[in-house]
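J.:
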Amino acid sequence: MLPLLPPQEIIIAFTDIIECISNVNQIFLKLTDYILHTYIEDALFPPSFWNLFDLIGSRPRTNNHVEGFHGQLNSHCQT
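Count along the sequence shown starting at 1, add 302, and that's the number in the working numbering.
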């Protein structure tokens with residue numbers, strides 16, 4: 303979910319996730335701290351590295367078109 307959000311909404315969404323998870327079990331706080339410091343704030347891999355929002359609509363998200371081409375090509379070749 304987070305990679306598909308606009309970059310300015312990532313922290314808000316992650317805060318909502320933390321609130322939901324912390325109500326379930328406090329042990330998840332270690333995981334959320336790790337994610338926060340590794341991927342979101344002062345991160346080793348900041349959102350600019352993994353966020354896909356700007357790519358939505360500009361590229362295919364699957365390789366179905368390639369699989370279709372290979373299927374047609376294989377139907378014309380003897381194996």
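Just so it is clear, CB atoms sit at the ideal spot from N, CA and C, and this is done for glycine as well.
Go ahead and label Pro-308 buried or exposed: buried means 16 or more other beta carbons lie within 10 angstroms of its beta carbon, across all protein chains shown.
T.: The count along the sequence shown starts at 1 and reaches residue 308 at position 6. The residue is exposed, with fewer than 16 neighbouring Cβ atoms inside 10 Å.
J.: For the putative contact between Ile-312 and Ile-342, defined by C-beta atoms under 8 angstroms, what is the C-beta separation to the nearest angstrom?
T.: Position 10 of the sequence shown, counted from the start, is the residue given in the question as residue 312. Position 40 of the sequence shown, counted from the start, is the residue given in the question as residue 342. Going by Cβ atoms, the distance from Ile-312 to Ile-342 rounds to 6 angstroms, so yes, they are a contact pair.
J.: Applying the criterion that 16 or more other CB atoms from any shown protein chain within 10 Å of the CB defines a buried residue, is Leu-354 buried or exposed?
T.: Here residue 354 corresponds to residue number 52 of the sequence shown, with the count starting at 1. It is exposed - the Cβ of Leu-354 has fewer than 16 other Cβ atoms within 10 Å.
J.: State buried or exposed for Phe-316, treating a residue as buried only when at least 16 other CB atoms are found within 10 Å of its CB.
T.: By one-based count along the sequence shown, residue 316 stands at place 14. It is buried - the Cβ of Phe-316 has at least 16 other Cβ atoms within 10 Å.
J.: Label Leu-333 either buried or exposed according to how many other C-beta atoms from any shown protein chain fall within 10 Å of its C-beta, with 16 as the threshold for buried.
T.: Counting from 1 along the sequence shown, the entry for residue 333 is found at position 31. Under this definition Leu-333 is an exposed residue.
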